[in-house]
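These notes are about the structure you will find just below.
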DNA sequence: CGACACGTTGATGTTAGTCAACTTTGGTGG
DNA sequence: CCACCAAAGTTGACTAACATCAACGTGTCG
């Protein structure tokens, strides 16, 4: 009986590649860790000493310039993998956006475990390839879309990602969700300023495309209109 | 004696994970293909039917919006891997920037070969992780840097990447190289217009940071200055 | 109730985009 | 070999979009 038996992402995280014996083994090198919203797990530029699976919560991956500009380069959800195996330094920080729960491994332990378990590496490879696709799609947004297209695309993506299992998807959550981001963080995802993001939110609301019942709540009223604005 | 024996990237491509026996096997499923500058190997949105290793030349990965805006999301060099294993569709086009030479596999053949050769998958995983890091670093450029910083960063990156083996690196090539991009393509990498790119080139030249002996040639005169402009 | 962080709105400034004319380059054929 | 042409690149004038700066709401928590 390992602690993995109670893990809610057991069958969706990369661990799904492992059989009962292997799960027992990996549960010996992993440990649970709680993070509060705002707390960081990994810092940009540090030695890569940790990797982890997300069990609960949403986290951001971010980099910045020396003069303080920040760019969020990824967002991870339950069952996603975080950290940089097979590499000495971490190129971006990992910070919890909501209270979160992760399953942490020392990188050395994980690397050597992975080396003995090709099925695990295969899962990780598939995930990494999918993440690379998503990241490249995001480059088109950053390089070529205007503010309205950026925010519309973002809201549509959030409405998809947040309804994946593990993110409290009640029925109908597709059009009605709570953003795990502040306005500033939305700006840091989209490569905009907070004021521009705010103005675009206001505009979408005024034109009846979305409703904004509270700071972080979003209700999509006209998905078609949002899609056509997403470019 | 397989055709891989004469392959100049044999020891740097993912094939380096394979022993003599395995090389023989993989040489049975791969074939050489020449591409002329401008020719595409894979189209965005198509079924993913091919993967390949780059033997010679430089290729771009690109996506676009429906209304014709384009963003280059990656650039690949000799020994790099292209294509999307384990996935049904390709999310970006692959097009030769220079005349190129690639070693092509049908995706089905490659996927099943990889499944039997964990060492190959491991190499591919490491490469994919490194590519993801590079791509995320580029997001910072697209989202948060201005035109001057973008072009400076780009030139510095080119001066590094082009001197890697396989890219005709004579001594001193670090500061003196031929861009495999037209002005429009540079704009498509940086998320700018061709006019803005041209103006920034002119500016760097006027201020003595670089020299531009011909359309595509670049000579870095003051690397320090370029670095400080890169942000 | 008040303080503070977060968010919105408005006025203004700056950067890069747009549109258009012009120049240079490299290739082709007379 | 040179003249010509098309494609690529440059430059200038103007515009639009987003950033910046600053003031003003608003919700949350002690």
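Chains as they are written, first to last, in this note's numbering: chain U, 372 to 602; chain G, 372 to 602.
Cβ atoms here follow ideal geometry from the backbone N, Cα and C, with glycine treated the same way.
Fair warning: this is a prediction, and the values are worked out from it, not measured in the lab.
Quick one: what does DSSP say residue i is sitting in, helix, strand or coil?
i                     : result
residue 543 (chain U) : Annotation note: pLDDT 49 at residue 543 (chain U) (below 50); position unreliable, no value reported.
residue 401 (chain U) : strand
residue 441 (chain U) : strand
residue 375 (chain G) : helix
residue 569 (chain U) : helix
residue 600 (chain G) : helix
residue 531 (chain G) : helix
residue 604 (chain G) : Outside the shown range of chain G, which is 372 to 602, sits residue 604 (chain G), and nothing can be said about it.
residue 578 (chain G) : coil
residue 559 (chain G) : helix
residue 595 (chain U) : helix
residue 345 (chain U) : There is simply no residue 345 (chain U) to check, as chain U begins at 372 and stops at 602 in what is shown.
residue 482 (chain U) : helix
residue 487 (chain G) : coil
residue 511 (chain U) : helix
residue 522 (chain U) : helix
Please list, in chain order, all residues of the same chain as residue i whose beta carbon is under 8 Å from its beta carbon, the five residues on each side excluded.
i                     : result
residue 542 (chain G) : Because residue 542 (chain G) sits at a pLDDT of 49, beneath the cut-off of 50, its placement in the model cannot be relied upon, and the following sentence gives the value as read from the coordinates. So no residue of the chain qualifies.
residue 421 (chain G) : 412, 413, 454, 475, 476, 477, 478
So which residues of chain G does residue i contact, with C-beta pairs closer than 9 Å?
i                     : result
residue 510 (chain U) : 434, 442, 443, 444, 445, 506, 509, 510, 513, 562
residue 528 (chain U) : The contacting residues do not exist; residue 528 (chain U) stays about 15 Å from chain G at best.
Given that residue i touches chain G, what residues does it touch there, using C-beta distances under 7 Å?
i                     : result
residue 458 (chain U) : 500
residue 602 (chain U) : 436
residue 578 (chain U) : Result: empty, since nearest Cβ-Cβ is about 21 Å, beyond 7 Å.
residue 489 (chain U) : 489, 492
residue 462 (chain U) : 504, 507, 508
residue 496 (chain U) : 492, 495, 496, 499
Can you pull the DSSP bridge partners for residue i?
i                     : result
residue 426 (chain U) : DSSP output for residue 426 (chain U) lists no bridge partner at all.
residue 476 (chain U) : U:401, U:422
residue 466 (chain G) : G:411, G:431
residue 590 (chain G) : G:547, G:582
residue 406 (chain U) : U:471
residue 454 (chain G) : G:422
residue 460 (chain U) : U:418
residue 446 (chain U) : U:431
Cβ closer than 7 Å: which chain U residues qualify as neighbours of residue i?
i                     : result
residue 503 (chain G) : 499, 502, 503, 506
residue 493 (chain G) : 492
residue 455 (chain G) : 500
Could you pull out every residue in the same chain whose Cβ sits closer than 6 Å to the Cβ of residue i, ignoring the five residues on either side in sequence?
i                     : result
residue 583 (chain U) : 576
residue 376 (chain U) : none
residue 485 (chain G) : 491, 492
Can you round the beta-carbon distance between residue i and residue j to whole angstroms, since I take them to be within the 8 Å contact cut?
i                     : j                     : result
residue 511 (chain G) : residue 442 (chain U) : 4 Å
residue 449 (chain G) : residue 380 (chain G) : 5 Å
residue 430 (chain G) : residue 465 (chain G) : 6 Å
residue 526 (chain G) : residue 568 (chain G) : About 11 Å; that fails the 8 Å criterion.
residue 604 (chain U) : residue 471 (chain U) : One cannot answer for residue 604 (chain U) here, as it falls past the ends of chain U, which runs 372 to 602.
residue 580 (chain U) : residue 590 (chain U) : About 10 Å separates the two Cβ atoms, so there is no contact after all.
residue 400 (chain U) : residue 373 (chain U) : Not a contact, Cβ separation roughly 11 Å.
residue 554 (chain G) : residue 565 (chain G) : 5 Å
Which same chain residues, not among the five before or five after residue i, have their C-beta less than 7 Å away from its C-beta?
i                     : result
residue 418 (chain U) : 459, 460
residue 509 (chain G) : none
residue 571 (chain G) : 518, 519, 522
What in chain G is Cβ-close to residue i, meaning under 8 Å?
i                     : result
residue 389 (chain U) : In chain order: nothing, as chain G lies at least about 15 Å away.
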